[in-house]
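Under my numbering, the very last position in the sequence shown is 576; numbers go up by exactly one each time.
Beta carbons are placed, not taken as given, at the ideal position from N, Cα and C, and that holds for glycine.
Here the structure comes first, spelled out in structure tokens, and everything after it is commentary.
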Amino acid sequence: MKILVLTLAIMILFFGCLGGEQKKTESTVEPPKNDSAVVPSPPPSYKPNDTPAPQPVDKNPFKSKYEGYSYYSSPMFLIYFPEGWGIDDSQSGIFEFFAPLEDDNDRISEDFVVEIWEGNETTAEEFESFEKQLLKPEDVIKKKESIQYKDRDAFTMEIEGKIHDGPEPMFFKTIFFRNGKFIYRLHYAIEKSKLDKYQPIMETILDRFKIGSG
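Take a look at the structure:
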């Protein structure tokens, strides 16, 4: 009887210790490390070579095929004029191209004007009558004649006079012609003292003038 009681006591003590050890072991077990966890990587650094190089830009959109000349194009005409000249196309149907003033004493800019309108004029007499309306009484017509210009019947006038009662004697040349229902008036003005310098330029502009966009 004593032996049985002793045996039971030993067994109870043994299993009690085993259970406590198991709880202790379970409470101290650390969770496994996750070696496969994804760590966010920093964004890739910027490299200048990742983007394409900028394309070159033409700094002069009016550069022409003629050395030293710019151009102006519209559906009605194409004109070449010296680089550095100004442009005024603020009035409908009137396009002015003018040279810069040469110095502080220069009061007049030599200019070339293209004027286009829808009209009925067809004869030399009608073109002459139109031009005379623009003249002052003291202006003198030095030359007038019918010509061929750009394979079209045309009429030209050369006039000497002044601008706005200014002291500088001026030389003017005008060419009229028709293009369909439109009248073209090409006109240039030069100080007489500068004819040798500017008239060759104006005649070059006339020679290179294109009817239509070229």
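For this session: Name the two residues that bound the continuous beta strand (DSSP E) containing D450.
Result: Counting along the chain, the unbroken beta strand (DSSP E) around D450 starts and ends at 448-453.
Exercise. Apart from the five residues on each side of it in sequence, which residues of its chain come closer than 8 Å, Cβ to Cβ, to L557?
Worked result: So the qualifying residues of the chain are F533.
For this session: Leaving out five residues on either side along the sequence, give the residues of the same chain with a beta carbon under 7 Å from the beta carbon of G446.
Result: Here the set comprises P462.
For this session: Check whether the Cβ atoms of F544 and A516 sit closer than 7 Å, and answer yes or no.
Result: For F544 and A516, no; Cβs fall outside 7 Å.
For this session: Give the straight-line distance between the Cα atoms of Y550 and M564, rounded to the nearest whole angstrom.
Result: Using only the alpha carbons, I get a separation of about 7 Å.
Problem set entry | Start and end residues, alpha helix (DSSP H) containing K559 | 557-570 is the span of the alpha helix (DSSP H), which, as asked, contains K559.
Problem set entry | Outcome for T536 when other beta-carbon atoms lying within 10 angstroms are tallied against a minimum of 16 | T536 is buried by the Cβ-count criterion.
For this session: Drop a sphere of 10 angstroms on the beta-carbon of R547, count the other beta-carbons inside from all chains shown, and report buried for 16 or more, exposed for fewer.
Result: R547 is classed as buried because its beta carbon has at least 16 other beta carbons within 10 Å across all chains shown.
For this session: Would you mind sorting E493 into buried or exposed? The rule is 16 or more other CB atoms within 10 Å of its CB.
Result: Buried, since its Cβ has 16 or more Cβ neighbours within 10 Å.
Problem set entry | Integer-rounded CB distance, given that I441 should sit under 8 Å from F459 | Contact between F459 and I441 holds: CB atoms are separated by about 7 Å, below the 8 Å threshold.
For this session: Would you mind reading off the limits of the beta strand (DSSP E) that contains S326?
Result: Nothing can be reported for residue 326: it is not among the residues displayed for the chain, which extend from 363 to 576.
Problem set entry | Pair within 7 Å by beta-carbon distance, M438 and I470 | Cβ distance not < 7 Å, so M438 and I470 don't count as in contact.
Exercise. Run through DSSP, which three-state label would D397 get?
Worked result: With a pLDDT of only 46 at D397, under the threshold of 50, the placement of this residue in the model should not be trusted; the figure read from the coordinates follows. Three-state DSSP puts D397 in coil, outside helix and strand.
Problem set entry | In chain order, each beta strand (DSSP E) run of at least 3 residues that lies wholly inside the stretch 459-495 | Counting whole runs of 3 or more residues, the stretch 459-495 contains the beta strand (DSSP E) stretches 473-480.
Problem set entry | Reference D484, options S454, S508, K524, G523, closest by Cα | Asp is not the amino acid found at residue 484; the sequence shown has Thr there. When the alpha-carbon of T484 is set against those of S454, S508, K524, G523, the nearest one is in S508.
Exercise. For the candidate residues F474, K524, K512, whose alpha-carbon lies nearest to that of L496?
Worked result: Ranking the options by Cα distance to L496, first place goes to K524.
Exercise. Out of F474, G430, L568, which has the shortest C-alpha to C-alpha gap to Y511?
Worked result: Ranking F474, G430, L568 by Cα distance to Y511 puts L568 first.
Problem set entry | DSSP three-state assignment for K554, whether helix, strand or coil | It is helical.
Problem set entry | Contact set for E472: own chain, Cβ-Cβ below 6 Å, skip 5 residues either direction | So the qualifying residues of the chain are A461, I552, Y560.
Problem set entry | Contacts around D451, its chain only, beta-carbon distance under 7 Å, and the 5 residues preceding and following it disregarded | Hits under 7 Å: F457.
Problem set entry | Backbone CA spacing between A415 and K427 [nearest angstrom] | The predicted position of A415 is uncertain, since its pLDDT is 35 and thus under 50; a value taken from the coordinates is nonetheless stated next. Straight-line Cα distance between these residues: approximately 28 Å.
Exercise. Would you call S432 buried or exposed, if buried means 16 or more other Cβ atoms sit within 10 Å of its Cβ?
Worked result: S432 is buried by the Cβ-count criterion.
Exercise. If we call anything under 7 Å between Cβ atoms a contact, is K504 one with E520?
Worked result: For K504 and E520, yes; Cβs fall inside 7 Å.
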